[in-house]
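Residue numbers for the sequence shown follow my numbering, beginning at 216 and rising by one.
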Amino acid sequence: VRVAKKRAVLHGNSRLIFLVGDMERIPFKDSTFDLVVCINVIRYLDGLEDAFSDIHRVLKDKGWLILVDGDRNSREINDQVVREEILKKHPLEREFVRCDGWSMLFGQNEIEDGLAYTGFRKVRVESRRMYLIARAMKG
């Protein structure tokens with residue numbers, strides 16, 4: 216968080232607020248945000264329902280969730296040669312993989328089903344290379 220704050224100020228974004236918290240118990244009132252963005256976060260969850268429910272809670276009506284995380288079923292993650300090329304370009308992922316992190320990733324159907332189950336509409340999840348990109352609207 217310290218590094219993010221410094222970078223924000225360097226780029227002229229001194230009004231940004233960075234918090235560390237639990238996405239299954241987001242410390243904001245209901246209907247607070249127009250947009251929630253989650254990048255490489257859900258891989259650390261045991262399940263999706265609690266997090267998606269709480270994101271739904273803090274979004275305003277017609278607010279959007281944008282989610283990006285690894286695609287457990289992608290060729291890039293499951294092919295050892297391609298995986299090594301990715302890790303050369305993204306060295307921070309190596310520790311995640313060393314801990315068998317990619318086995319923790321969710322699949323496209325799990326994300327689609329989880330979003331629909333927790334009340335999101337206009338759910339769209341697409342696979343792009345090694346990533347899943349999901350968009351969903353509340354309301």
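All C-beta atoms, glycine included, are put in the ideal place defined by N, C-alpha and C.
What are the boundary residues of the beta strand (DSSP E) that includes residue i?
i	result
K275	L274 to G285
Using DSSP bridges, identify the partner residues of residue i.
i	result
V251	L280
K353	F335
Can you give the Cα-Cα distance for residue i and residue j, rounded to whole angstroms?
i	j	result
F267	E291	26 angstroms
F233	Q295	36 angstroms
L231	E300	34 angstroms
L320	D286	7 angstroms
K337	K277	10 angstroms
I241	R350	19 angstroms
R344	L250	24 angstroms
If distances are taken between C-alpha atoms only, which option among the options comes closest to residue i?
i	options	result
K252	P242, D284 and S342	The sequence shown places Val at residue 252, not Lys. The residue with the shortest Cα to Cα distance from V252 is D284.
G354	R272, G329, P242 and G227	R272
D237	R344, I281, L225 and L260	L260
N324	K221, I348 and F248	I348
Y332	K221, K220, H226 and G262	G262
L282	I326, V297 and S246	I326
G329	A223, E264, T247 and R217	E264
T247	K220, A219, L280 and A223	L280
D245	I254, I270, N288 and S342	I270
S342	G322, F335 and M352	G322
Which residues mark the beginning and the end of the alpha helix (DSSP H) in which residue i is found?
i	result
R298	Q295 to K304
V224	R217 to L225
Counting only beta-carbon atoms, is residue i nearer than 7 angstroms to chain D?
i	result
I348	Absent from the structure is chain D; it holds one protein chain and no more.
Minimum length 4: unbroken alpha helix (DSSP H) runs contained in the stretch 318–347:
As far as the stretch 318–347 is concerned, its whole alpha helix (DSSP H) runs of at least 4 residues are 323–332.
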